[in-house]
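Reading through the structure tokens given below for one structure.
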Amino acid sequence: MKKLSLTSIIVFILLTINLFLVYLLLFDTNLLNRWLNQFEGETVITTSTSEPIEDVEDYYEVMTLTLDQLITPTKLIINESSDMYDVNNYATLQSVLELLGSQTIELNKNSVETHPDMYEAVTSGEYLQLLYPTSFSVPSLRGLIATPAELSTQFEMNRLVFPRHLEGTVYLVDTKSQAYMEAELTDPTIAKEIFAVVDAVRDDQWLPVTRFEVEGGAVFLPTYETISLSQIYTLEKLPDSLFLDDIFPSNNYDIAEPDANSVRSYHTLLTTFQINDLTNIMSINHSISSTTGSNNIIRDMVLPEEKVRYSYPYVQTYEYWPNDIRLYSENNNTITYRRFLNGLPIYSAPGLADYGATRVTLRTNPNIEVSRYQMPLITIGTHIHDMSRVYDIESGAQIAALLTEQGLSFEHFTNIVLGYEWQSEMENFKTATLVPKWFFHVNNTYYSIDQVRDGTVTNLIAQNSGQTQTTDVSENSISQASVQTETENAQLSENLNIVAVVDAGVLEGLSVGAFKRQNYRSRTTQWESLVQVEVELEQASRFKLGGWSNGL
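The sequence shown begins at 1 in full-length UniProt numbering and counts up one residue at a time.
Below is the structure:
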């Protein structure tokens with residue numbers, strides 16, 4: 001009986017030890033390693049879940065694109081008489097851009113042509129055009145376009161047009177104002193090489209497209225329905241250590257625990273580095289005058305190329321996206337750089353953080369400096385080929401029918417582009433699914449074709465239109481209320497002239513009626529009898545601006 005009892009005790013002890021070891025293996029390997037080290041000395045290597053900082057920095061590669069490579073066309077269109085084609089291949093577009101190289105275009109005259117007939121002649125016939133995602137000033141493209149000092153210009157363009165039969169001629173085109181400037185290739189044979197590259201892929205890559213007029217230009221949509229594949233990638237989260245040394249060179253900062261919104265931060269008096277652990281979006285915020293150096297200059301007016309130039313160093317330092325990035329837009333001192341994949345821009349599904357955008361916000365008064373930098377902390381890793389799906393891509397006619405069904409037209413939009421939509425399901429930030437879709441640009445925002453289809457865009461445009469109509473009605477009321485005052489001063493306006501200062505300069509000889517037509521901005525410095533008119537006009541001006549702001 002005693003022997004049996006001893007056996008039971010031994011079995012119980014061994015079972016307990018076994019369960020304890022299983023617990024350590026599953027839940028606390030560090031404790032197990034420390035316990036084993038007591039018997040093995042230093043021969044046991046401790047397993048760590050994190051790599052040394054230097055190994056992490058070697059693993060991730062910061063973006064190596066130059067500023068000139070970030071400001072490049074994203075689409076190539078061929079026009080042959082009445083037929084138009086989208087050269088639908090990213091590698092071909094890159095080959096054309098490589099042929100253009102550095103400063104291969106030279107501006108030879110400082111005149112902007114705005115005559116409608118001349119513009120029509122330039123944008124018709126047989127030509128190749130390269131489309132930019134947004135408008136850029138000519139000085140912003142100085143890596144491509146050489147501008148002699150005596151031909152200084154701030155002309156903004158969004159397309160390059162190469163006529164097939166005018167060798168060496170290049171037109172810098174702004175479709176918004178329907179204007180252009182003429183330039184020339186420094187080596188005329190480059191044009192032949194460009195057309196040779198494009199003509200060589202005619203059978204495989206020329207996609208027939210139809211031109212549709214949008215607000216401020218035109219878009220080229222497939223004549224027939226096409227297909228495209230979704231893209232599935234593993235995701236990797238960039239560690240904080242990649243950024244800390246650059247943000248805080250002295251390594252002197254405080255750490256704040258996550259707040260109620262899961263936002264944690266590293267901060268000094270002047271700089272805050274924030275990470276949102278729910279969205280994996282990071283931001284660097286600078287208080288005024290926290291950045292120093294030669295970049296801090298005082299300007300009465302900041303030129304577009306200056307904004308671009310001052311935003312780039314942050315992207316160069318902190319961006320780790322392994323594929324292409326393009327400078328995509330500039331709005332109210334915020335420069336947006338957008339991630340690209342296979343030549344297409346990336347946007348996010350509705351309600352999701354924008355994992356395709358890096359935004360640099362500038363402060364221009366009193367100094368030109370970066371006040372905020374924001375980017376996603378997640379980036380793509382391995383491509384999972386066998387999980388891709390085929391998606392139908394609507395033709396231009398199908399899009400036109402959809403817009404008509406929704407009570408919309410192409411003129412409601414400033415651009416329509418094909419891009420990838422980053423889906424919300426990411427398996428706890430383990431994978432990214434990118435689905436090809438059409439995106440429609442309105443009110444400085446891109447909306448997917450699904451949002452057009454479900455009425456979201458229609459409702460948005462209707463709301464903006466309703467607010468505009470309300471503003472117009474209110475302005476009419478103000479105008480009617482001022483009729484009596486205008487009548488009382490009619491005799492005075494016939495005999496006296498007003499010297500009024502407006503935005504365009506000093507205009508002499510304005511009557512009271514003309515005074516009202518100057519967008520309510522005129523100012524007078526004499527004739528006390530007209531003071532009441534000016535007060536009412538200032539009130540109307542404030543109302544108009546307020547209504548417009550609300551409309552946005």
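Here a beta-carbon is modelled for each residue, glycine too, at the ideal position from N, C-alpha and C.
Buried versus exposed, by CB contacts within 10 Å (16 or more), residue i
i	result
K75	buried
N79	buried
M63	buried
G407	exposed
V390	exposed
E330	buried
R359	buried
Q463	exposed
M181	buried
M387	exposed
H412	buried
F212	buried
E306	buried
I13	exposed
K430	exposed
T175	buried
N415	buried
K109	exposed
L221	buried
V442	buried
Where the beta strand (DSSP E) through residue i begins and ends
i	result
L172	T169 to D174
V161	E156 to P163
I368	Premise fails: I368 is in no beta strand (DSSP E) and is neither H nor E.
T334	T334 to L341
F195	Element bounds for F195: not the beta strand (DSSP E) but the alpha helix (DSSP H), T189 to D199.
L107	I105 to L107
A183	A179 to L185
S329	I325 to N331
D354	First-last for D354: undefined, no H or E at that position.
N- and C-terminal bounds of the alpha helix (DSSP H) containing residue i
i	result
T315	The amino acid occupying residue 315 in the given sequence is Val; Thr does not appear at that position. P304 to Y318 is the span of the alpha helix (DSSP H), which, as asked, contains V315.
L97	Y90 to L100
E120	P116 to V122
residue 604	The requested residue 604 does not occur in the structure, where the chain is confined to residues 1 to 552.
Neighbour flag for residue i against chain B, beta carbons, 8 Å
i	result
S329	In the structure shown, chain B does not exist; there is a single protein chain.
Cβ-Cβ separation, residue j to residue i (assumed contact under 8 Å), whole Å
i	j	result
S262	T272	Contact doesn't hold; Cβ gap of about 16 Å is too wide.
T268	N285	That belief does not hold up - the Cβ atoms of T268 and N285 are roughly 11 Å apart, past 8 Å.
M157	S135	7 Å
I346	W422	6 Å
E61	Y320	7 Å
I77	Q129	5 Å
P73	L151	P73 to L151, Cβ: 23 Å. No contact.
V173	A183	Actually they do not touch by this definition, with Cβ atoms about 11 Å apart.
K237	N280	6 Å
T226	I393	5 Å
Is it true that the stretch 205–213 meets the stretch 76–95, where meeting means three or more beta-carbon pairs spaced less than 8 Å apart?
yes
With three or more C-beta pairs closer than 8 Å as the rule, is the stretch 450–464 touching the stretch 372–383?
no
3 or more residues per run - each beta strand (DSSP E) lying fully within the stretch 212–280:
217–222, 226–229, 231–237, 254–256, 263–267 and 271–276
Please determine if the stretch 161–179 and the stretch 303–317 are in contact, where contact requires at least 3 C-beta pairs separated by less than 8 Å.
no
Considering only residues of the stretch 420–451, which uninterrupted beta strand (DSSP E) runs meet the minimum length of 3 residues and lie entirely inside it, listed in chain order?
431–442 and 445–448
Runs of beta strand (DSSP E) lying entirely within the stretch 387–418, each at least 3 residues, in chain order:
390–393
Cβ contact (3+ pairs, closer than 8 Å) linking the stretch 104–121 and the stretch 144–154:
yes
Three CB pairs or more closer than 8 Å across the stretch 397–405 and the stretch 191–202
no
Threshold first: 3 residues or longer. Then list the beta strand (DSSP E) segments lying entirely within the stretch 58–88, N to C.
75–80 and 83–87
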